[in-house]
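K.L.:
If you read the protein sequences in the order shown, they are chains C and W.
Take the first sequence: its letter number 90 is residue 79 in my numbering, and every next letter is one higher.
Take the second sequence: its letter number 136 is residue 150 in my numbering, and every next letter is one higher.
Where is the CB? At the ideal position from N, CA and C, for every residue including glycine.
Structure incoming, see below.
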Amino acid sequence: MKTAITLSLGFLVALTLCGRAAGQDLQFPKTVEAGRAFSVPTTGSGKATLYVVGPTQVLRREVSLGENIAFARGEMANAGHYTAFLTGSSTATADFDVTPVSQPSSISFLAKPSRLAVDLPNGISGVAYVFDVFRNLILQPTPVSFQLSGANSAVQVQKVETKNGVAWVKMNSATRSGPAQFEAEAGGVVDKRVIEQVPGDPCNLRMTARADGDRVALETDPVRDCSGNPVPDGTIISFTESYNGETSTVDAPLKRGVAKTDLPAYKGATITVAAGVVMGNEIRWQ
Amino acid sequence: MGRLLAVIILIVTLLLVVIGTVWPDKAALAMMVGTRARTIHRATSPEAAAQILLSDISARDWPSAYSRLANKSEFSEDQFERDLTGGYPSLRSHATVDSFDLHPLHATNDEAEIRADLHWSTVVGDFQESRALKVVRNGDTWAVDWPLTKEQHVPPQVIAVNYLRWDVIYRGPEDDWGTQDVEAPHIRIVDMNPVGRPDEVAVMGEILNEDVVPAYVTVKATLLRKDGSAIATEDAFDKICHTLLPKQVSPFRIDFPNARLADVDSVRMQPTSSLVAASADPVVEIEDQKLNASSRPTLSGELVNQSGQIVNIAHVLGTFYDNRGQLQWVSDGYVNRALLPRIPAAFAISIPPDVVSKVNTYRVTTTTFTSHQYQ
Chain C
-10 MKTAITLSLG FLVALTLCGR AAGQDLQFPK TVEAGRAFSV PTTGSGKATL YVVGPTQVLR
50 REVSLGENIA FARGEMANAG HYTAFLTGSS TATADFDVTP VSQPSSISFL AKPSRLAVDL
110 PNGISGVAYV FDVFRNLILQ PTPVSFQLSG ANSAVQVQKV ETKNGVAWVK MNSATRSGPA
170 QFEAEAGGVV DKRVIEQVPG DPCNLRMTAR ADGDRVALET DPVRDCSGNP VPDGTIISFT
230 ESYNGETSTV DAPLKRGVAK TDLPAYKGAT ITVAAGVVMG NEIRWQ
Chain W
15 MGRLLAVIIL IVTLLLVVIG TVWPDKAALA MMVGTRARTI HRATSPEAAA QILLSDISAR
75 DWPSAYSRLA NKSEFSEDQF ERDLTGGYPS LRSHATVDSF DLHPLHATND EAEIRADLHW
135 STVVGDFQES RALKVVRNGD TWAVDWPLTK EQHVPPQVIA VNYLRWDVIY RGPEDDWGTQ
195 DVEAPHIRIV DMNPVGRPDE VAVMGEILNE DVVPAYVTVK ATLLRKDGSA IATEDAFDKI
255 CHTLLPKQVS PFRIDFPNAR LADVDSVRMQ PTSSLVAASA DPVVEIEDQK LNASSRPTLS
315 GELVNQSGQI VNIAHVLGTF YDNRGQLQWV SDGYVNRALL PRIPAAFAIS IPPDVVSKVN
375 TYRVTTTTFT SHQYQ
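Shown next, in the form of structure tokens:
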């Protein structure tokens, strides 16, 4: 909206002045770094008004012709294309660009997902937007270093250059579960995210059974994924007992790494264990 | 003009009164019958005694119903009320007897036996209950010997619970836009089968929470025609277990009334999940599951609450597969009494008769509600 208003205003000013703009040139540099102080010489004598129209910004300045027009540090901070109009006893126009400061000041870092299973190739994506001190997206290629490190895994580092202000990478999740620190660094500026690497599906699910009165007590071995990580508590383990055409089931959560339950003891019953779509061992109760 | 309008209104009113009297609405008729029965003070037949008693029960007039019993010396009015409404808050607590049927079984001069089928109405649908009533003669009147089902009680005790629970903290307003929020749980539909029924299309399937955190899941389906236009969109409503713990699988069934499978070219599934605070308790065992193939087939069994907390409402979902392991039907039912620790509570869920012949295996899951939380 701001940009639209600015452009409209600039267009009106240009329309007003274009018939009168003739003769004298304004000596604006072709490019100016955002926020930098600079001055523009003028010729002639008398008073004039200078308009500078740029992205989200319009400046109006009364100037004395023949003197330099000075712009203070930070006065033109928004990167983009600017047009200057001078109107008075003589008229002139000039176009110039304000470019972002090449030194990064902040990074907006998107790391996805915040939680994923271990040992997933290219499972983690990191996208970094590099900004200068005035929050201009730095469009010049800028080196960005991405680093993924966990307590129990090797550090992964990838260095890429930004394209149009954006750098991105894909990384593998580690084989050991736990939080990993994901960093993006550009020009000494670092932004960090935490990626939680969680155990995958249970692997080699196994239970044991023992008689407990008229019931059979069932308990799994400590449940781990295929990389050996303990599956978190709360994971549902399904016990199913089949006997004489009837069935008994219990969905028991893992507590302290194991799932326990008890079911009626029927001779010849078949008891199975599963977690999600992963099947475990089978016991025939005698 | 005004006089003409008044005459028309009078005629229409009289017409409506006549229609309402000759062809009364079913609900109004039930009320009328109940009221009429309750105004009869003397039961001169076994059926009348049962009719009056059940009318009092329908009106939740416990003192009046209790006063009519032949065996009231055997239990108190409170026990009688608890037998009907449940001792602990449950589906029964707010249920009402919508209607009842009486089936005389046998009768002598002094004694009769009547089977009473009570149709209870609740917020999640109706449930049926059968009671065998013994009616005895006392002089020239008849009274019912109420078959009290004494609800089991758990003795006062402290049960230690290893309480496992998840809570969620979301991104705050002060966080940068690039700061990632907590990830929604990863869920997956592992099975899906649309089935054409005589009066509907049912889309059934199973959904797995493959994450390590609890998920609140919903499944929406849209039936599409060959030209890609939508026929209808529905969701699973209560034919699903909405809160899934890690690696838990829930069946779902989405009904499209009045749709025809022949009109459907494809089905668009929209499973959604969000993080939810949840608890891993209570654990409910589903014992003695058995298919009863009769003219009204059911899957019956017993729920046993293995935890220490009282479950107020238990919802049972049954998934039925054919001999190739293909999903054939998803059915559900509610248990109308509270689940007390270690005390079995029976359940039965119905299956369409044409489906039961195809059923080879089945899986039963349960979801529970307690008065202070949803699990």
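Can you give, in chain order, each stretch of the beta strand (DSSP E) that sits fully within the segment 178 to 225 of chain C and has at least 3 residues?
P.N.:
If we require 3 residues or more, the beta strand (DSSP E) runs fully inside the segment 178 to 225 of chain C come out as 178 to 187, 196 to 201, 204 to 209.
K.L.:
Run through the segment 303 to 339 of chain W for me and flag every whole beta strand (DSSP E) of 3 or more residues, listed as ranges in chain order.
P.N.:
312 to 319, 327 to 335
K.L.:
May I ask which residues mark the beginning and end of the alpha helix (DSSP H) holding W:F141?
P.N.:
Position 127 of the second sequence, counted from the first residue, corresponds to residue 141 of chain W. First-last for W:F141: 139 to 152, but that is the beta strand (DSSP E), not the alpha helix (DSSP H).
K.L.:
Should W:A291 be flagged as near chain C, meaning a C-beta pair shorter than 9 Å?
P.N.:
Counting from one through the second sequence, the residue named residue 291 of chain W turns up at place 277. By this cut-off, W:A291 is not an interface position.
K.L.:
Let me make sure I understand the geometry here. Which of W:A328, W:L313, W:G347, W:D154 has the alpha-carbon closest to that of W:L385?
P.N.:
As a first step, residue 385 of chain W is located in the second sequence; it is residue number 371 there, counting from the start. Reading off the sequence shown, one finds Ser at residue 385 of chain W, where the question assumed Leu. Ranking the options by Cα distance to W:S385, first place goes to W:A328.
K.L.:
So is W:L341 in contact with chain C if we call contact Cβ pairs under 9 Å?
P.N.:
Here the question's residue 341 of chain W lines up with position 327 in the second sequence. Output row for W:L341: interface = no.
K.L.:
With distances taken from CA atoms, which of W:T381, W:G101, W:V318 is nearest W:H256?
P.N.:
Looking up residue 256 of chain W in the second sequence gives position 242. Nearest of W:T381, W:G101, W:V318 to W:H256, Cα basis: W:T381.
K.L.:
Count Cβ pairs between the segment 219 to 226 of chain W and the segment 257 to 269 of chain W that sit closer than 8 Å; are there 3 or more?
P.N.:
Cβ pair count under 8 Å is three or more, so yes.
K.L.:
Return the chain-ordered list of same chain residues with a C-beta closer than 6 Å to the C-beta of C:Y255, the five sequence neighbours on each side being excluded.
P.N.:
For the purposes of this step, residue 255 of chain C is taken as the residue at position 266 of the first sequence. Setting aside the 5 residues that flank it on each side, C:Y255 is surrounded in the same chain by Y232, each with a C-beta closer than 6 Å to its C-beta; the list follows chain order.
K.L.:
Output the distance between the C-alpha atoms of W:I365 and W:P208, rounded to the nearest integer angstrom.
P.N.:
In the second sequence, the residue the question calls residue 365 of chain W occupies position 351. In the second sequence, the residue the question calls residue 208 of chain W occupies position 194. Between the alpha carbons of W:I365 and W:P208 lies a gap of roughly 17 Å.
K.L.:
Would you kindly report the start and end of the unbroken alpha helix (DSSP H) that includes C:Q145?
P.N.:
Translated into positions along the first sequence, residue 145 of chain C becomes position 156. Per DSSP, C:Q145 belongs to no alpha helix (DSSP H); it is in the beta strand (DSSP E), 142 to 150.
K.L.:
For the alpha helix (DSSP H) that W:Q284 lies in, which residues bound it at each end?
P.N.:
Taking the first residue of the second sequence as position 1, residue 284 of chain W is located at position 270. Counting along the chain, W:Q284 falls outside any alpha helix (DSSP H), though it belongs to the beta strand (DSSP E) covering 280 to 289.
K.L.:
Answer with yes or no whether the minimum CB distance from W:Q284 to chain C is below 9 Å.
P.N.:
Taking the second sequence and counting its residues from 1, one reaches residue 284 of chain W at position 270. It does not; no Cβ of chain C falls within 9 Å.
K.L.:
Start and end of the alpha helix (DSSP H) containing C:F17?
P.N.:
Taking the first residue of the first sequence as 1, we reach residue 17 of chain C at position 28. That residue, C:F17, is in no alpha helix (DSSP H); it is neither H nor E in DSSP.
K.L.:
Let me know if C:E172 comes out buried or exposed under the rule of 16 or more other beta-carbons within 10 Å of its beta-carbon.
P.N.:
By one-based count along the first sequence, residue 172 of chain C stands at place 183. When all chains shown are included, C:E172 counts as buried.
K.L.:
Only counting the same chain, and skipping five residues up and downstream in sequence, which positions put a Cβ closer than 7 Å to that of C:G167?
P.N.:
Taking the first sequence and counting its residues from 1, the one referred to as residue 167 of chain C is at position 178. These residues qualify, in order along the chain: G139, A140, N141, Q186.
K.L.:
Please list the terminal residues of the continuous beta strand (DSSP E) segment that includes W:A2.
P.N.:
Not covered by the structure: residue 2 of chain W. The range shown for chain W is 15 to 389.
K.L.:
Ignore the nearest five residues each way along the sequence and tell me which others in W:Y80's own chain have a CB closer than 7 Å to its CB.
P.N.:
As a working mapping, residue 80 of chain W is identified with position 66 in the second sequence. So the list reads K86, E91, F94, once near-sequence residues are dropped.
K.L.:
Can you say whether C:Y40 is buried or exposed, counting buried as having 16 or more other CB atoms within 10 angstroms of its CB?
P.N.:
In the first sequence, residue 40 of chain C corresponds to position 51, counting from 1. It counts as buried.
K.L.:
Are the C-beta of C:Q240 and some C-beta of chain W separated by less than 9 Å?
P.N.:
In the first sequence, residue 240 of chain C corresponds to position 251, counting from 1. A small fix is needed here, since residue 240 of chain C is Asp in this sequence, not Gln. So, interface residue.
K.L.:
Distance cutoff 9 Å, beta carbons only. Does C:I226 sit that close to anything in chain W?
P.N.:
The residue you call residue 226 of chain C lines up with position 237 of the first sequence. Taking Cβ atoms only, chain W reaches closer than 9 Å to C:I226, which makes this a yes.
K.L.:
Could you give the DSSP three-state label for W:A294: helix, strand or coil?
P.N.:
Stepping through the second sequence from its first residue, residue 294 of chain W is reached at position 280. W:A294: coil per DSSP, three-state reduction.
K.L.:
Kindly indicate which three-state DSSP category W:H108 falls into: helix, strand or coil?
P.N.:
Locating residue 108 of chain W in the second sequence gives position 94, where the first residue counts as 1. Here W:H108 sits in helix by DSSP.
K.L.:
Would you call the CB atoms of W:S309 and W:A362 closer than 9 Å?
P.N.:
Counting from one through the second sequence, the residue named residue 309 of chain W turns up at place 295. Counting from one through the second sequence, the residue named residue 362 of chain W turns up at place 348. No, these two residues do not count as a Cβ contact at 9 Å.
K.L.:
Which parts of the segment 87 to 141 of chain C are runs of the beta strand (DSSP E), unbroken and 3 residues or longer, counting only runs that do not cross its ends?
P.N.:
Runs found: 95 to 101, 104 to 106, 113 to 120, 132 to 139.
K.L.:
Just how far apart, CA to CA, sit C:S162 and C:D222?
P.N.:
Mapped onto the first sequence, residue 162 of chain C falls at position 173. Mapped onto the first sequence, residue 222 of chain C falls at position 233. About 21 Å.
K.L.:
By the DSSP assignment, the beta strand (DSSP E) with W:R211 in it spans what residues?
P.N.:
Taking the second sequence and counting its residues from 1, the one referred to as residue 211 of chain W is at position 197. Where W:R211 is concerned, the enclosing beta strand (DSSP E) stretches over 201 to 211.
K.L.:
Taking W:R129 and W:H117 to be in contact with their CB atoms under 8 Å, please state how far apart those CB atoms are, rounded to whole angstroms.
P.N.:
One-based indexing of the second sequence puts residue 129 of chain W at position 115. One-based indexing of the second sequence puts residue 117 of chain W at position 103. Their Cβ separation, rounded to whole angstroms, is 4 Å, which keeps W:R129 and W:H117 in contact under 8 Å.
K.L.:
In the DSSP assignment, find the unbroken beta strand (DSSP E) run with C:Q170 in it and report its ends.
P.N.:
One-based indexing of the first sequence puts residue 170 of chain C at position 181. C:Q170: member of the beta strand (DSSP E) spanning 167 to 175, first to last residue.
K.L.:
Considering Cα atoms alone, identify which of W:K304, W:V215, W:D295, W:T236 is closest to W:F270.
P.N.:
Numbered from 1 along the second sequence, position 256 holds the residue referred to as residue 270 of chain W. That would be W:V215, whose Cα lies nearest to the Cα of W:F270.
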